[in-house]
Each structure stands twice: as structure tokens, then as C-alpha cells.
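The sequence shown begins at 17 in our numbering and counts up by one.
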Amino acid sequence: MDTSSVGSFPKGSVLYYPGANCNAVPIVLNGEVKVYVTSESGREVLLYTVSYMETCMLTNLSVLRDKPYPAYAVTSEDSEILLIPDSSAKLMFERFPQWREFVLDAFVKDGWYLASHMSEVISRRVDKRLAEYLIQRANSSGRVVATHEEIAKDLGTVREVVTRILKRFESQGMLRVGRGEIVIVDTSALREFLSSVT
Numbered sequence: 017m018d019t020s021s022v023g024s025f026p027k028g029s030v031l032y033y034p035g036a037n038c039n040a041v042p043i044v045l046n047g048e049v050k051v052y053v054t055s056e057s058g059r060e061v062l063l064y065t066v067s068y069m070e071t072c073m074l075t076n077l078s079v080l081r082d083k084p085y086p087a088y089a090v091t092s093e094d095s096e097i098l099l100i101p102d103s104s105a106k107l108m109f110e111r112f113p114q115w116r117e118f119v120l121d122a123f124v125k126d127g128w129y130l131a132s133h134m135s136e137v138i139s140r141r142v143d144k145r146l147a148e149y150l151i152q153r154a155n156s157s158g159r160v161v162a163t164h165e166e167i168a169k170d171l172g173t174v175r176e177v178v179t180r181i182l183k184r185f186e187s188q189g190m191l192r193v194g195r196g197e198i199v200i201v202d203t204s205a206l207r208e209f210l211s212s213v214t
């Protein structure tokens, strides 16, 4: 089998893009990779994320079926990634049940997230999804480090919509908006809003 290697990738590194040939399967050792697609208008929609000790469903599909990569895979923070050559990944999938289970687990996780996320994008109000996003992403001090553009990509909407809703939440005293960060000031009020919206 070919030798695997560990690479360091700063935030914003493009690992794969539509049409790229996948010559290695990644496992994230540290950091995070976001996988997304873009529309003709340039709107970006998050498909799923790949985090600690996870691999990418689409990369494995591309390698196993010799197909070009259909999306963008970009590091959302500084990341260390184990890269397993495509020939080794194919051989491991054929010979080792543990590796096969690991890859299939990625299919289940990423496929499930993709289906539920697309359902939310279609059916749920953006302000409700944004409130839930902030609650889930906030650290122990209520701080969410993200730009309006990054949040919009994650929610499958546009920056202007996110900015407008954040300003409304801020005017209602639920949070404070800063440069590249949002601080939740009143978590209970935000949760109450989340539960009251239909």
C-alpha cells in the first residue's frame, strides 16, 4: 500500500473542488472541513462538515467509483488532516471490515445530515434556524466566532438576511453583534423565541 501522510492546512484551504480528481481520502485529526455546493448565482449551501476523526462521504464515493469530486471541501479552521492515498483506501475497503464500517458510518452520518439540513432549508424559517444555530455554536461564555457570511453559508441563505435577523435579535436585547463574533446576552430569551416560533 502507498504511504499515508499528515498535512497542515490553514483556514480556507481548498482540499477539493467540483471536477477535481480525488487522489487521497482525508481523516481530520484536528480542525474541521466544510463541504458545500454553489448555485449559478454564487449562493453557497453547506452539505455537511467533517470533524475530529471523521472522513468525507463524497471523497470516499469519488475514490471508490473513480468519479470527480462534485462539491467544494474547504477547511473552516486551521486543520491537520491524515491523507490516505486512493489506492490504499480502495484496498482497505475491500480487505478490512473495520475500515469499511468506518467509511459506511461516514455515509450514514453525512447522508443523514444532508437530508435533514435540506429539509430545514426548504421548510423552516431562517430566524428559527439562526437562533438554533447560535445556541448550538456558542461557547461557555455565549460567544459565537463567525462572520455573517459564514453563518449564511451554513444556513443556506444570504448574508443580508442573516444581518437583518441579527440586528432584530440585538434590538430585542438577546445578543450583541461585534466584528466577526456574536455574543448571546440572554440565552433564555433566545430559547423562548425558538420555542414560540412555528
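Every residue gets a Cβ at the ideal spot worked out from N, C-alpha and C, and that includes glycine.
- DSSP lists no bridge partner for residue 179.
- With the rule of 3 Cβ pairs closer than 8 Å, the segment 22-32 counts as touching the segment 85-103.
- Boundaries of the beta strand (DSSP E) harbouring residue 65: 60-66, taken from the DSSP string.
- Membership of residue 203 in the alpha helix (DSSP H) is indicated by the continuous run 203-212.
- Take residue 181, set aside five residues on each side of it, and the residues of its chain with a beta-carbon closer than 8 Å to its own are 142, 143 and 146, in chain order.
- Around the beta carbon of residue 105, a 10 Å sphere encloses 16 or more other beta carbons of the protein chains shown; the residue is thus reported as buried.
- Counting along the chain, residue 30 sits inside the beta strand (DSSP E) bounded by residues 30-32.
- With respect to the C-alpha of residue 59, the residue from 153, 124 and 174 having the closest C-alpha is 174.
- Contact between residue 113 and residue 39 is ruled out by a C-beta separation of about 25 Å, above the 8 Å threshold.
- In the three-state scheme derived from DSSP, where H, G and I count as helix and E and B as strand, residue 174 is classed as coil.
- Between the segment 49-56 and the segment 65-84, the count of C-beta pairs closer than 8 Å reaches three or more; the two stretches touch.
- Shown here for residue 166: same chain residues with a beta carbon closer than 8 Å to its own, the five before and five after excluded, namely 92 in chain order.
- Restricting attention to beta strand (DSSP E) runs no shorter than 3 residues, the segment 136-169 encloses them at 159-161, ordered along the chain.
- Excluding five sequence positions before and after residue 154, the CB atoms of its chain that fall closer than 6 Å to its own CB belong to 160 and 200, given in chain order.
- Residue 132 sits away from residue 27, with the two beta carbons spaced by 9 Å or more.
- Counting along the chain, residue 76 sits inside the alpha helix (DSSP H) bounded by residues 73-81.
- The straight-line gap separating the alpha-carbon atoms of residue 21 and residue 45 is approximately 12 Å.
- In the displayed model, residue 93 falls within coil according to three-state DSSP, outside both helix and strand.
- Close CB contacts of residue 202 within its chain, under the 7 Å cut and outside five residues either way in sequence, are with 189 and 190 (chain order).
- Residue 25 carries a strand assignment under DSSP once its states are collapsed to helix, strand and coil.
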